[in-house]
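Asker: Sequential numbering of the first sequence, starting at 193, is according to the numbering used here. The beta-carbon is built from N, C-alpha and C at its ideal position, and this holds for glycine as well.
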Amino acid sequence: MPELPEVETVRRTLAPAVGGRIASVWTSGMGLHMARRPPRAKLQKLVGARITTVRRHGKYLLLDTDHAASILVHLGMTGRLRIHGAADPRAPHTHVVLGLDRGELRFVDARRFGQVDVVAHGKERAHPALAVLGPDALDEALDGAAVLAAARDKRTTLKAFVLDQSVIAGVGNIYASEALWRAKLLPTTRTHTLTAPAARRLAGAIREVLERALTNGGTTFSDFVAADGKAGENAEYLWVYDRAGQPCKRCRTPIERTVLQGRATYYCPTCQIP
DNA sequence: CCGGAGACCTGATAGC
DNA sequence: TGCTATCAGGTCTCCG
């Protein structure tokens, strides 16, 4: 479910939890991502710690504490990180609960593709999940020149390229299709054929698409909600994703759906070109 | 190096 | 109504 705009929306709506002290920790004991369980003992050590900041890189959140460690969270497909009243009934599939001085921070994940871990300060780059990430998609440094440089040696398709978290961290399946439509580039275009002007368009389009979605509070089809429980509004603004057969918003040609690397891919066969 | 397929999980929805 | 098949915003691994 969640790509950069959704994760960033969660980060921002976690603001009320910042400054809170962790009073208790509960975990379900079930495995999440790759059958890895949230590390109960390491989380337990954070009892008494205060949450100082919440950072994001790509689709990962880092809840920093004043105990020299951060809580790493990835929402997977159906993960939710929400602030609740301690008396609120617990939703099914609740896997981690951090009791704060006021309220609770709960991680709920039906499909269990999400991840919760603890990382010592200064060891972030050594964490396997974070070590492989490229620059964040909203990083200022990610301009046309950077995209062109990253694209040059690759033989893959543009769709796979923008989805590759080691190249650009944060773009997922919805915004990959959206950005390529915005840049007027076909998803199947080979990466190494990208021209400088096309790379500039792609870099700009990625930023534009993500910032627009962020302004709209993220895209909600069924699962995504912010930390305050609110759904996103961006689904009604999507240009191509989930719009097969509907007219292109630029040229009225029906949008096509295909499958690339096993994932649904939407594009306009007329105004997107190699 | 690259793509494809399958794995990990559950729930929603469409079709019969 | 109830069954089955298909699909889903993410990653990871194996295979050719």
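Have a look at T445 and D420 and give me their C-alpha separation to the nearest angstrom.
Answerer: 39 Å
Asker: Just list the beta strand (DSSP E) runs in the region 207-266, keeping only unbroken ones of 3 residues or longer that don't cross its boundaries, in chain order.
Answerer: 214-219, 243-249, 252-257, 261-266
Asker: Checking the sheet assignment: what are the DSSP bridge partners for V288?
Answerer: Bridge partners of V288: T219, F299.
Asker: Does the beta-carbon distance from G306 to A361 come in below 7 Å?
Answerer: no
Asker: Look at L378 and P284 and say whether their C-beta atoms are less than 7 Å apart.
Answerer: Taking 7 Å as the Cβ cut-off, L378 and P284 do not qualify as a contacting pair.
Asker: Should A375 go down as buried or exposed, given a rule of 16 or more other Cβ atoms within 10 Å for buried?
Answerer: Counting Cβ neighbours within 10 Å, A375 comes out buried, since at least 16 surround it.
Asker: Out of curiosity, what's the CA-to-CA distance linking L270 and T385?
Answerer: The question names Leu, but residue 270 is Thr in the sequence shown. Approximately 36 Å between the Cα atoms of the pair.
Asker: Note the first and the last residue of the continuous beta strand (DSSP E) segment covering V311.
Answerer: 307-312
Asker: Let me check one thing: in DSSP terms, what residues is P446 bridge-paired to?
Answerer: P439
Asker: Should the region 239-253 be called in touch with the region 354-369, which here means at least 3 C-beta pairs below 8 Å?
Answerer: Counting Cβ pairs under 8 Å, three or more are found: they touch.
Asker: Using 7 Å as the threshold, is the C-beta distance between G314 and A391 below it?
Answerer: no
Asker: Kindly confirm or deny that the region 238-245 and the region 213-221 touch, where touching means at least three C-beta pairs closer than 8 Å.
Answerer: yes
Asker: Given a cut-off of 7 Å, decide if V311 and V288 are closer than it, judged by their beta-carbon atoms.
Answerer: Taking 7 Å as the Cβ cut-off, V288 and V311 do not qualify as a contacting pair.
Asker: Using a 10 Å radius around the Cβ and a threshold of 16 neighbouring Cβ atoms, would you call V401 buried or exposed?
Answerer: buried
Asker: Evaluate C460 with the Cβ neighbour count: other Cβ atoms within 10 Å of its Cβ, from every protein chain shown; 16 or more gives buried, anything less gives exposed.
Answerer: buried
Asker: Cα separation between D301 and A209?
Answerer: 20 Å
Asker: Terminal residues of the continuous beta strand (DSSP E) containing Y367?
Answerer: Looking at the DSSP string, Y367 is not in any beta strand (DSSP E); the run it does join, the alpha helix (DSSP H), is 365-374.
Asker: Considering only C-alpha positions, which residue in the set R399, T381, I243, D280 is nearest to A329?
Answerer: R399
Asker: From the DSSP secondary-structure annotation, give me the bridge partner or partners of L377.
Answerer: I465
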